[in-house]
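Heads up: the structure comes next, in C-alpha cells.
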Amino acid sequence: MAKEVKDVRDELKAGMIVKVHQKIKETNTKGEEKERIQIFEGIILAVKHGKQPGATITVRKVSNSIGVEKIFPIHSPIVEKIELVRQMKVRQARPFYIRTHKKKLRELKETKEEKK
Numbered sequence: 003m004a005k006e007v008k009d010v011r012d013e014l015k016a017g018m019i020v021k022v023h024q025k026i027k028e029t030n031t032k033g034e035e036k037e038r039i040q041i042f043e044g045i046i047l048a049v050k051h052g053k054q055p056g057a058t059i060t061v062r063k064v065s066n067s068i069g070v071e072k073i074f075p076i077h078s079p080i081v082e083k084i085e086l087v088r089q090m091k092v093r094q095a096r097p098f099y100i101r102t103h104k105k106k107l108r109e110l111k112e113t114k115e116e117k118k
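In the numbering used here, each number is its position in the sequence shown, counted from 1, plus 2.
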C-alpha cells in the first residue's frame, strides 16, 4: 500500500477503523523508566466533544474472542498519532449495536474514497 499516512484527529467519525499510537511508560526491576509506543487497532464507536480540548474517542477491538474497548483523549500528549486504516459505512452516529451483534461487524461495507 502506497498510501500516505497522516494524522486524522480532525476528521474522526464513527465507523472508522483506526490505529491509535499510545505512549506507555514502564519501569523495570532496576527502577529505570522506559518509554515505548503501543498500537491499538479497532473501530471507532463514539466521538465525543468534537474538536474541543477534552474530546475523546471510544475504540473497540476483539482480541482472542474478548471485546476490548478503550477511551482515548484525542488531544492528549499520550496519544502520539492516529492513523486511518479504513472507513466503514455505519447506520448510526454511535454504532453500539456492534457490541452485541458480531455478524453486523462483518456486514459493514467500506465507503468509497472521493477523488480529488
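By construction, the Cβ of each residue, glycine as well, lies at the ideal position given by its N, Cα and C atoms.
Note on the stretch 28 to 53: there is no whole alpha helix (DSSP H) run with a minimum of 4 residues.
In this structure, residue 64 lies away from residue 71, with their beta-carbon atoms at least 8 Å apart. Cβ neighbours of residue 25 within its own chain (closer than 7 Å, five residues either side excluded): 37, 39, 80 and 82.
For residue 84, the secondary structure class from DSSP, reduced to helix, strand or coil, is strand. DSSP places residue 70 inside the beta strand (DSSP E), whose first and last residues are 68 to 75. With fewer than 16 neighbouring CB atoms inside 10 Å of its own CB, residue 33 falls in the exposed class. Note that the C-beta distance between residue 86 and residue 20 is below 8 Å. Under the three-state reduction of DSSP, residue 11 is assigned to helix. With a contact defined as Cβ atoms closer than 8 Å, residue 77 and residue 57 qualify at about 6 Å.
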